[in-house]
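**Q** Below you'll find the structure I mean.
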Amino acid sequence: MTLNNTNTKSAPIKNYGSGSYLASDVTVLLDIVNKDAVADVPVSQKEALIQSGQRHYSDMLTLEQAPSAMHEQLYIQALEQGATRTATDIVNLAYTLHHVFQRQVTDEQPLVLISLVRAGLPIGVLLQRALADTASGYSLPSVHYGISIIRDRGLDPTALQMLLEAYPDSPIVFVDGWTGKGAIYQELTRSLEAFRDPTHPNFANIFHQGVDVTPLLTLADPAGVAWLAASEEDWLIPSGLLNSTVSGLISRSLYTDPKTGLHRSVFYDNLVESDHSLAFVDHIDAARRELSNTCQYLPMFPQPRYQTADLIDKLALEYNICNHNRIKPTIAEATRAILRRDPERILLATANHPDTVLLRHLCTQRNITMSVLGDKILPYQAITLIKQRTKNN
1 MTLNNTNTKS APIKNYGSGS YLASDVTVLL DIVNKDAVAD VPVSQKEALI QSGQRHYSDM
61 LTLEQAPSAM HEQLYIQALE QGATRTATDI VNLAYTLHHV FQRQVTDEQP LVLISLVRAG
121 LPIGVLLQRA LADTASGYSL PSVHYGISII RDRGLDPTAL QMLLEAYPDS PIVFVDGWTG
181 KGAIYQELTR SLEAFRDPTH PNFANIFHQG VDVTPLLTLA DPAGVAWLAA SEEDWLIPSG
241 LLNSTVSGLI SRSLYTDPKT GLHRSVFYDN LVESDHSLAF VDHIDAARRE LSNTCQYLPM
301 FPQPRYQTAD LIDKLALEYN ICNHNRIKPT IAEATRAILR RDPERILLAT ANHPDTVLLR
361 HLCTQRNITM SVLGDKILPY QAITLIKQRT KNN
């Protein structure tokens with residue numbers, strides 16, 4: 001384990017660690033707390049507290065358990081079938097970043113990749129490795145950090161300020177795994193609002209693509225909100241099937257008041273034997289080096305298209321859902337919601353799609369209703385609806 005228990009907000013960046021990744025892969029700007037000091041809140045109790053407004057989801061954790069044998073098996077199958085696609089997507093993203101930034105960055109002023117903890121971490125590590133590959137045609141001076149973003153509470157301002165001070169002349173790109181409804185994009189955009197004035201000393205670090213462009217990069221962008229994405233498809237991204245055991249053994253982040261320090265996280269040292277984090281990036285990185293196909297220059301979008309917003313609104317109306325946070329679209333989010341939340345039902349585009357095997361297995365195991373709706377929910381292959389626990393949600 002390379003995460004240090006550093007709890008002063010002025011601590012140098014070098015004092016922070018990388019979870020179960022290599023130090024050269026990423027530095028994670030989180031204060032690590034002992035899991036024994038965190039209240040382990042059961043899912044049903046947590047759901048009631050969240051929906052009633054008594055507690056924010058970022059104030060509590062349901063501590064993770066090791067994935068079951070079936071879960072592990074389905075992850076391995078997803079990795080085998082999705083390795084080439086993931087590697088190809090990483091290459092195309094790296095190739096595009098190379099062409100956008102090659103005249104702007106140097107070893108002294110590298111591109112700063114900021115992965116949004118946690119889903120962004122594996123993708124950011126893969127991008128960092130690709131950009132560091134001087135034998136490729138898309139290498140680029142870059143550094144990689146992970147920082148917390150929390151719905152309703154924003155990007156960790158202390159962590160961001162540390163990076164702006166450390167790299168005052170570098171452009172920043174934010175990295176996430178996928179988009180669901182676009183909520184994190186909106187949270188990120190709100191968090192960056194203070195820098196939008198062109199006279200702000202850090203304006204060029206963040207708004208290098210224009211005053212209205214939030215530089216968010218994702219592997220998949222079904223919601224149509226990312227500035228740069230490898231595709232807009234909802235597909236079985238292998239890292240989306242696991243939680244901490246493919247994200248450096250780091251828990252979902254816990255909120256900390258900026259006056260106190262960085263957002264916090266738990267390091268799951270009890271799950272070391274189940275950890276796939278390094279094996280995942282090693283596997284995809286090896287597949288990347290073996291690719292022989294031509295790199296593709298990807299399109300960039302200055303504005304979000306919100307191409308699924310109407311669909312989400314229609315589902316909310318049909319299922320009488322007032323709080324859109326109860327709707328969890330994409331295979332990855334639908335799967336994570338079953339593992340971490342209290343689901344009411346799962347909506348599927350097709351009954352036997354190979355990318356939803358784990359999702360369907362978990363539903364059968366927990367006796368959760370599955371509804372097959374066909375084209376009605378496309379481009380999503382799966383959507384989890386969270387069970388209502390209060391009258392106004």
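In the UniProt record's numbering, the protein residues as written are 1 to 393.
Quick reminder that beta carbons are idealized off the backbone N, C-alpha and C, glycines included.
The alpha helix (DSSP H) that contains D31, what's its start and end?
**A** The count along the sequence shown starts at 1 and reaches residue 31 at position 31. Counting along the chain, D31 falls outside any alpha helix (DSSP H), though it belongs to the beta strand (DSSP E) covering D31 to V33.
**Q** Please report the residue range of the alpha helix (DSSP H) in which E318 lies.
**A** Here the question's residue 318 lines up with position 318 in the sequence shown. Note, E318: alpha helix (DSSP H), A309 to E318.
**Q** Go to E290, then tell me how far its alpha helix (DSSP H) extends in each direction, as first and last residue.
**A** The residue labelled residue 290 in the question sits at position 290 within the sequence shown. Here the alpha helix (DSSP H) through E290 covers S277 to E290.
**Q** Could you tell me whether the region 252 to 268 touches the region 286 to 301, using the rule of 3 or more Cβ pairs below 8 Å?
**A** Counting Cβ pairs under 8 Å, fewer than three are found: no touch.
**Q** Between V173, A334 and L79, which has its C-alpha nearest residue 430's C-alpha?
**A** There is no way to answer for residue 430, as the model of the chain reaches only from 1 to 393.
**Q** Quick test of the definition: if touching needs 3 or more C-beta pairs under 8 Å, does the region 230 to 250 touch the region 177 to 192?
**A** A contact exists between the region 230 to 250 and the region 177 to 192.
**Q** Suppose you measure from the CA of N4 to the CA of L29; what does that come to, to the nearest Å?
**A** Here residue 4 is taken as the residue at index 4 of the sequence shown, counted from 1. Here residue 29 is taken as the residue at index 29 of the sequence shown, counted from 1. A caution first: N4 carries a pLDDT of 42, below 50, which makes its placement in the model too unreliable to give a value.
**Q** Pull up the CB-CB distance for P171 and H208, whole angstroms please, since I reckon it's below 8 Å.
**A** Counting from one through the sequence shown, the residue named residue 171 turns up at place 171. Counting from one through the sequence shown, the residue named residue 208 turns up at place 208. Confirmed, about 4 Å.
**Q** Where does H208 sit, in a helix, a strand or coil, going by DSSP?
**A** Working through the sequence shown from its first residue, we reach residue 208 at position 208. Note: H208 maps to coil in three-state DSSP.
**Q** Figure out for me which residue from A226, V246 and L188 has the closest Cα to the Cα of G19.
**A** Translated into positions along the sequence shown, residue 19 becomes position 19. Per the Cα distances, V246.
**Q** Quick one: what's got a C-beta closer than 7 Å to R190's C-beta in the same chain, skipping five residues either side?
**A** Along the sequence shown, read from residue 1 onward, the residue named residue 190 stands at position 190. Here the set comprises G154.
**Q** By Cβ distance, which residues of its chain are closer than 6 Å to residue 394, with the 5 residues on each side in sequence left out?
**A** Any question about residue 394 goes unanswered here, given that the chain covers just 1 to 393.
**Q** Taking the alpha carbon of K376 as the reference point, which residue from A119, T364 and L348 has its own alpha carbon closest?
**A** Translated into positions along the sequence shown, residue 376 becomes position 376. With distances taken between Cα atoms, K376 lies closest to L348.
**Q** Under 6 Å Cβ to Cβ from I150, same chain only, skipping five residues before and after it: list those, please.
**A** Start at 1 with the first residue of the sequence shown, and residue 150 comes out as number 150. Closer than 6 Å at the Cβ level, and outside the excluded window around I150, lie S58 and Y255.
**Q** Using the Cα positions of P215 and F301, report the straight-line distance between them to the nearest angstrom.
**A** Along the sequence shown, read from residue 1 onward, the residue named residue 215 stands at position 215. Along the sequence shown, read from residue 1 onward, the residue named residue 301 stands at position 301. Cα-Cα distance, rounded: 10 Å.
**Q** Please list the terminal residues of the continuous beta strand (DSSP E) segment that includes I377.
**A** Here the question's residue 377 lines up with position 377 in the sequence shown. Looking at the DSSP string, I377 is not in any beta strand (DSSP E), and its letter there is neither H nor E.
**Q** According to DSSP, H200 sits in a beta bridge with which residue or residues?
**A** Along the sequence shown, read from residue 1 onward, the residue named residue 200 stands at position 200. According to DSSP, H200 bridges with nothing at all.
**Q** Looking at the structure shown, is K9 part of a helix, part of a strand, or coil, going by DSSP?
**A** As a first step, residue 9 must be located in the sequence shown, where it is residue number 9. Its pLDDT being 44, under 50, K9 is placed unreliably by the model, and the measurement read from it follows with that caveat. Correct three-state label for K9: coil.
**Q** Given a cut-off of 8 Å, decide if R341 and V43 are closer than it, judged by their beta-carbon atoms.
**A** As a position in the sequence shown, residue 43 is number 43, starting the count at 1. As a position in the sequence shown, residue 341 is number 341, starting the count at 1. Against a cut-off of 8 Å, the Cβ pair of R341 and V43 comes out as a contact.
**Q** So, V91 versus L291, is the Cβ gap smaller than 8 Å?
**A** Numbered from 1 along the sequence shown, position 91 holds the residue referred to as residue 91. Numbered from 1 along the sequence shown, position 291 holds the residue referred to as residue 291. Against a cut-off of 8 Å, the Cβ pair of L291 and V91 comes out as a contact.
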